[in-house]
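Chemist:
Protein chains: 2
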Amino acid sequence: MTYERQNISRLAPYTPGEQPKPGDRQTVKLNTNENPYPPGQAVVDALRSIDGETLRRYPPPTAAQCRQTIAQAHSLDPKQVIVTNGGDELLRLAITVFCQPRADNPSGAATGGLGIATPSYSLYEVLAAIHDTPLTSVPLLDNFELPDSFAGKLNDAGCRLAMVVNPHAPSGRLGPLDRLERIAQQFKGVLLIDEAYVDFATRDALPLLATDKGLKNVLLLRTLSKGYSLAGLRLGYGLGHPDLIAALDKARDSYNTDAVAQTLAIAALNNRQQAAQTWQAVTKERDRLTGALADRGYRVYPSQANFLLAQAPRPAKTIYESLKSKGVLVRYFDQDPLRDKLRITVGTPQQNDALLTALDSL
Amino acid sequence: MTYERQNISRLAPYTPGEQPKPGDRQTVKLNTNENPYPPGQAVVDALRSIDGETLRRYPPPTAAQCRQTIAQAHSLDPKQVIVTNGGDELLRLAITVFCQPRADNPSGAATGGLGIATPSYSLYEVLAAIHDTPLTSVPLLDNFELPDSFAGKLNDAGCRLAMVVNPHAPSGRLGPLDRLERIAQQFKGVLLIDEAYVDFATRDALPLLATDKGLKNVLLLRTLSKGYSLAGLRLGYGLGHPDLIAALDKARDSYNTDAVAQTLAIAALNNRQQAAQTWQAVTKERDRLTGALADRGYRVYPSQANFLLAQAPRPAKTIYESLKSKGVLVRYFDQDPLRDKLRITVGTPQQNDALLTALDSL
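Chains as they are written, first to last, in the working numbering: chain X, 20 to 381; chain Z, 20 to 381.
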């Protein structure tokens, strides 16, 4: 006998990228898109400033000061900001709040679900399955661009929420803003634009939140995990119309972000230029690595993220395994249309050299 | 037009206790059941040891080392442990995994829901409403003990999950273990025993997890927020049968606890005696405060937690407001049968004296 719901029993959970053992700082880890540079000195100083009294008390439940800092950083109002336990929590909250769970009986409605474009961040599908909401998957074009039919197909399926990652993962492609705007206009539900990687791109989707656009259904996801080198901290946030934010706010755990994360996030955002230096270094290395992989016969997709998707000249899975045996971790997705490709996080010059040396020795 | 589900629109969200502004360390804060003593030196040392590299990388996704430490602390197997972002996340996960959401149409099944005893931690009801699962509330006896009919009523309503807080909040009463065991035997769903306050009690419900009991439906909730003075950190955990833990594990956010929280939790549990000194101090003050309040005409319920429920000799709401104006925060619940009572966190001797002085000056 099992106690869990049937959808949980059936669920194939999300598989995070491999993590070396704690203390292993030898492995060249280019598989989970962390920023290769440490967080800024202001963040480390903020960590040092935390005392026992801050740990002892409950954190500010609405993260007021943190939201104020985020709002200022984007010239928005704090009512347009929700702070979450990593970007992942915002994804889950959006599904909880906007998507309709199926009844367990087979006559349950098949509408009210989530729409995504595939391939994409595989967690989207897992979260839909946990909520037991219908999922509509629309294949991306061969160049990983959204098809013009995207919003129409989601409307036909009765979707109430769409998740689109931009820059796209795992390709790194930055979709044009006017296309996202058109989707937001056409789609009858909420369009969540996952900007986890936007710090490494030339532009973001913030203009869609401008009042004169009249778009009340756009929600942007941001995270400090990548751009601010704080993956270990779990701090993300959502930006959108105050009505969307208020609805999400009702469903979040009452103290969803801790006092340490709130404090360090404030320090990180108030010292954006420290992080921005790493973005420059990463994008420079992204260009170099793109060229070096092309020289070795890889077809590299144009990326505005901190990773590259590279179609391999030989079986990709074999290359992935060989690299792993040499202490270099990259990401391999055993699914179409990614089976012949590797996703490689852009590392420091030394890490990227180690990758190239390992590739040359295969 | 609103985008959120109807149950979210209708939802009255959880109201956390008031928090003084950041930096206000003057207010005598006896309203949210924090431990009045700071976390142990080992925890502060662990905080100081965290470097930028730990922040930069994703945390261990299954919190392996942290789970190992917790398992050892309770003589359990790591497969019987799930680590969560505060105890609140475990409550939400349990509802997500074990409770059936209603279909939005009125013919949807009314079974598969959550059973609770009232009054209790008000978040339980809010979480059920967010998940849109049926809620069955069984009133506690006048002394806040569970009625013998509890499991039967929940079975009749088709509940799949029960949440019982022990020691009880907001009364502090510790229910007998054999009664909980009988409920677990009779109840057809999962019995979650919320032991948030158990560090201040004379015994816990761990014996119910012993293999020879044959109970596969018992889940214990623990938190470091109270006993270990780490409310700011958000670290809780669940203990139970490996099958229950595995099901919960599938539904949690992929990196639900951060690297700082995992590191500090290990330090806290490995230095339990540092926290245990505060439990002794709190229970000593609990006895003193009980007597002092009784001397002033309050009827104080016997408490094994770090707070007291006190029936006031005059209108409780007026006392609450007068105390607040004097810089002393206690908790008032404007609902039956709590309307004539105050819930008072046991503070340091100085804080408790400040409370008593303020009461005497009203």
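For each residue, glycine too, the CB sits at the ideal point set by N, CA and C.
Nothing here was measured: the structure is a model prediction, and the numbers come from that model.
Quick one: is Gln38 of chain X near chain Z, going by C-beta distance under 8 Å?
Modeler: For Gln38 of chain X, the answer is yes, since a Cβ of chain Z falls inside 8 Å of its Cβ.
Chemist: Using the beta-carbon of each residue, which ones in chain X are nearer than 8 Å to Ile149 of chain Z?
Modeler: Near Ile149 of chain Z (Cβ distances below 8 Å), the residues of chain X are Thr115, Lys269 and Ala270.
Chemist: Please state if the CB of Gln323 of chain Z and the CB of Leu165 of chain Z are separated by a distance shorter than 8 Å.
Modeler: In this structure, Gln323 of chain Z does not lie closer than 8 Å to Leu165 of chain Z by Cβ.
Chemist: Between the Cα of Ala101 of chain Z and the Cα atoms of Z:Gln91, Z:Thr81 and Z:Ser94, which residue gives the shortest distance?
Modeler: A quick correction: the sequence has Ile, not Ala, at residue 101 of chain Z. Checking every option, the nearest Cα to that of Ile101 of chain Z belongs to Z:Thr81.
Chemist: Between X:Thr88, X:Arg24, X:Thr137 and X:Asn50, which has its C-alpha nearest Gly132 of chain Z's C-alpha?
Modeler: Nearest of X:Thr88, X:Arg24, X:Thr137 and X:Asn50 to Gly132 of chain Z, Cα basis: X:Arg24.
Chemist: Beta-carbon separation of Leu227 of chain X and His93 of chain X under 8 Å?
Modeler: Contact flag unset, no.
Chemist: Quick one: is Pro195 of chain Z buried, meaning 16 or more other Cβ sit within 10 Å of its Cβ, or exposed?
Modeler: Under this definition Pro195 of chain Z is an exposed residue.
Chemist: Please report how far the alpha carbon of Tyr56 of chain X lies from the alpha carbon of Leu249 of chain X, in whole angstroms.
Modeler: Going by the C-alpha atoms only, they are around 10 Å apart.
Chemist: Counting Cβ pairs closer than 8 Å, one from the region 22-42 of chain X and one from the region 251-265 of chain X, do we hit at least three?
Modeler: Not touching, per the Cβ criterion.
Chemist: To the nearest angstrom, how far is the alpha carbon of Glu108 of chain Z from that of Asp272 of chain X?
Modeler: Each residue's alpha carbon lies about 7 Å from the other.
Chemist: Which ranges does the alpha helix (DSSP H) cover as unbroken runs of at least 4 residues, wholly within the region 83-167 of chain Z, from first to last along the chain?
Modeler: Counting only runs of 4 or more, we get 83-92, 105-117 and 142-150.
Chemist: For the alpha helix (DSSP H) containing Val63 of chain X, list its first residue and its last residue.
Modeler: Gln60 to Ser68 is the span of the alpha helix (DSSP H), which, as asked, contains Val63 of chain X.
Chemist: Show which residues of chain Z have a CB atom less than 7 Å away from the CB atom of Glu23 of chain X.
Modeler: Within chain Z, the residues near Glu23 of chain X are Val116, Phe117 and Ala266.
Chemist: On the premise that Thr155 of chain Z lies in contact with Leu142 of chain Z, defined as a C-beta separation below 8 Å, what is that separation, rounded to the nearest angstrom?
Modeler: The pair is not a contact, with the Cβ atoms about 17 Å apart (cut-off 8 Å).
Chemist: Name the one or two DSSP bridge partners that Val360 of chain Z has.
Modeler: Looking at the sequence provided, one finds Lys at residue 360 of chain Z rather than Val. Z:Gln330.
Chemist: For Ile264 of chain Z, which of Z:Val279, Z:Asn289, Z:Gln204 and Z:Val237 has the nearest alpha-carbon?
Modeler: The option with the nearest alpha carbon to Ile264 of chain Z is Z:Val237.
Chemist: So for Ala324 of chain X, helix, strand or coil by DSSP?
Modeler: Three-state result, Ala324 of chain X: coil.
Chemist: In chain X, which residues lie with their C-beta within 9 Å of the C-beta of Ala129 of chain Z?
Modeler: Simply none; closest approach about 11 Å.
Chemist: Quick check on this structure: which residue in X:Thr297, X:Pro78 and X:Leu49 has the alpha carbon closest to the alpha carbon of Gly366 of chain X?
Modeler: Among X:Thr297, X:Pro78 and X:Leu49, the Cα nearest to that of Gly366 of chain X is on X:Leu49.
Chemist: Using a beta-carbon distance cut-off of less than 8 Å, what residues from the region 200-214 of chain X approach chain Z?
Modeler: Those residues of the region 200-214 of chain X that come within reach of chain Z (Cβ to Cβ, closer than 8 Å) are Gly208 and Val209.
Chemist: Give me the DSSP bridge partner(s) of Ile212 of chain Z.
Modeler: Paired residues: Z:Val183 and Z:Leu239.
Chemist: Compile a chain-ordered list of the residues in the region 60-80 of chain X whose CB is closer than 8 Å to at least one CB of chain Z.
Modeler: Going along the region 60-80 of chain X in chain order, one finds Val62, Val63, Leu66, Arg67, Ile69, Asp70, Gly71, Glu72, Thr73, Leu74, Arg75, Arg76, Tyr77, Pro78, Pro79 and Pro80 with a Cβ nearer than 8 Å to chain Z.
Chemist: Could you tell me if Asn162 of chain Z is buried or exposed, where buried requires 16 or more neighbouring beta carbons within 10 angstroms of its beta carbon?
Modeler: Looking at its Cβ environment, which holds fewer than 16 other Cβ atoms inside 10 Å, Asn162 of chain Z is exposed.
Chemist: Using DSSP bridges, identify the partner residues of Arg318 of chain Z.
Modeler: Answer by DSSP bridge pairing, in chain order: Z:Gln330.
Chemist: Taking the continuous beta strand (DSSP E) assigned at Gly15 of chain Z, which residues delimit it?
Modeler: With chain Z represented from 20 up to 381, any question about residue 15 of chain Z goes unanswered, as that position is not in the structure.
Chemist: Roughly how many angstroms lie between the CA atoms of Phe352 of chain Z and Thr34 of chain Z, to the nearest whole one?
Modeler: Going from the Cα of Phe352 of chain Z to the Cα of Thr34 of chain Z covers about 11 Å.
Chemist: Between X:Tyr140, X:Asn371 and X:Asp151, which has its C-alpha nearest Cys118 of chain Z's C-alpha?
Modeler: Cα-wise, what sits closest to Cys118 of chain Z is X:Asp151.
Chemist: Helix, strand or coil for Val279 of chain X, going by three-state DSSP, please let me know.
Modeler: In this structure, Val279 of chain X counts as helix in the three-state DSSP scheme.
Chemist: To which residues of the same chain is Val157 of chain X closer than 6 Å at the C-beta, ignoring the five residues directly before and after it?
Modeler: The answer, listed in chain order, is Ala136, Phe169 and Lys172.
Chemist: Using a Cβ cut-off of 8 Å, pull out every chain Z residue sitting near Arg44 of chain X, in sequence order please.
Modeler: In chain order: Glu72.
Chemist: Which residues, taken in chain order from the region 228-249 of chain X, show a beta carbon closer than 7 Å to some beta carbon of chain Z?
Modeler: Hits within the stretch, in order: Asn236, Ser248 and Leu249.
Chemist: Run through DSSP, which three-state label would Val217 of chain X get?
Modeler: Note: Val217 of chain X maps to helix in three-state DSSP.
Chemist: Return the CA-CA distance between Asp123 of chain Z and Asn289 of chain X, expressed in angstroms with no decimal places.
Modeler: Because the pLDDT of Asp123 of chain Z is 48, which lies under 50, any placement of that residue in the model is unreliable, and the question is left without a value.
Chemist: With distance defined between alpha-carbon atoms, name the residue in Z:Ser190, Z:Gly191, Z:Ile212 and Z:Ala188 nearest to Arg198 of chain Z.
Modeler: The shortest Cα separation from Arg198 of chain Z among Z:Ser190, Z:Gly191, Z:Ile212 and Z:Ala188 belongs to Z:Ile212.
Chemist: Kindly indicate which three-state DSSP category Arg5 of chain X falls into: helix, strand or coil?
Modeler: Residue 5 of chain X is absent from the model: chain X starts at 20 and stops at 381.
Chemist: Do Ala113 of chain X and Gln99 of chain X have their beta-carbon atoms positioned less than 8 Å apart in this structure?
Modeler: Not in contact: Gln99 of chain X and Ala113 of chain X (Cβ atoms no closer than 8 Å).
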